[in-house]
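Below is one structure, written out as structure tokens, with a few remarks after it.
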Amino acid sequence: MNRSGGDQTVEPRWGGAALLRPGVLAFTGSIGITDAHAHHAVQIIAATTAFTVLDEHGARHRGTKVVVPADTAHRIEVGAEEGAMVFLDPESAPGRSAHVRAVRSGWTVTPVLAFTGRRALATVVDELIAHLAPATAGDDVAPRHPVIDDALRLLPDLVAAGPVSGTELAAQVGISASRLTHLFTEQVGIPLRRYVLWSRLQIAITRVQAGDDLTGAAHGAGFADSAHLTRTTREMFGLAPSMLSRHVSWDLDSGG
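In full-length UniProt numbering, the protein residues as written are 1 to 256.
Right, here's the structure in full:
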């Protein structure tokens, strides 16, 4: 996101805490104004004071909680000093739920994100997901199919090595590709191909935190180059790779 000031464009000051797990990116900090943009993730914003989001039709959505549907042009017109943002993959159960709510009921829907500025970000995210997809809240209690455990163990090395073939992964765990696809989405909560993409972002951030530049991080995460990583972060979240800064304290949860 870019913040405009006169003829200058100033990168926002990313700081504080951020969390990334398959299907979810969240962070806390000040919420600044942005240029008009669209991204694939569903965006949920909550703040301690009211802020304003302008949609592509010129309508203003003002409040302390706003949900922006997937692939929808918008810009933050008035920001807030303290808030939280959660980006959800629209192909995940909570992402679909948030998207449908916003489309059917409006962007300033009944509060779905509890933010006071004093709670752990992981707790806020867990409660949000349980609220949006209550049927999946207890899934981790049920035993997971052994082939899914096998797939999750194999995926980190496969992702880092380059393109991941669902057919080849299925063969390695001894199941048909169609069955693996079905089980993975059902038990992990996000399609395999989306899980792979989020995993690449996790690896990239881990490498940046360890000292790599964007080019090294991109190659280490299986992206073609730093431009590919840049396009991915912008398409998914509307964010520049500066979000990967080592000045942000990251919680990288595999969610597996």
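Positions of the beta carbon are idealized from the N, C-alpha and C atoms, including for glycine.
Asked: The beta strand (DSSP E) that contains Thr28, what's its start and end?; Found: 24 to 31
Asked: Going by beta-carbon coordinates alone, are Thr34 and Asp55 separated by less than 8 Å?; Found: no
Asked: Whole angstroms is fine: what's the gap from Ala137's alpha carbon to Val208's?; Found: Since pLDDT at Ala137 reaches only 44, below the 50 mark, its modelled position is unreliable, and the value read off the structure follows with that caveat. Spanning the two alpha carbons is a distance of roughly 32 Å.
Asked: Would Val68 and Val53 be called neighbours here (beta carbons separated by less than 8 Å)?; Found: yes
Asked: Just to check my reading of the structure: Val173 and Ala151 have Cβ atoms closer than 8 Å, yes? What is that Cβ distance to the nearest angstrom?; Found: 5 Å
Asked: When the Cα of Phe87 is compared with those of Val24, Thr233, Leu158, Trp107, which residue comes out closest?; Found: Val24
Asked: Should Ser105 go down as buried or exposed, given a rule of 16 or more other Cβ atoms within 10 Å for buried?; Found: exposed
Asked: For Ala133, which residues from the same chain have a beta carbon less than 7 Å from its beta carbon, with the 5 sequence-adjacent residues on both sides left out?; Found: Ala93, Pro94, Ser97
Asked: Quickly, what does DSSP pair Gly83 with across the bridge? List them, please.; Found: Gly29, Ala47
Asked: Could you have a look at His61 and say whether DSSP puts it in helix, strand or coil?; Found: strand
Asked: Grab me the residues of His228's own chain with a C-beta within less than 8 Å of its C-beta, minus the 5 sequence neighbours each way, in chain order.; Found: Ala218
Asked: Excluding five sequence neighbours on each side, which residues of the same chain lie with their C-beta closer than 8 Å to the C-beta of Thr48?; Found: Thr64, Ala80, Glu81, Glu82, Gly83, Phe115, Thr116, Gly117
Asked: Going straight from the alpha carbon of Gly29 to that of Ala171, what length do you get?; Found: 44 Å
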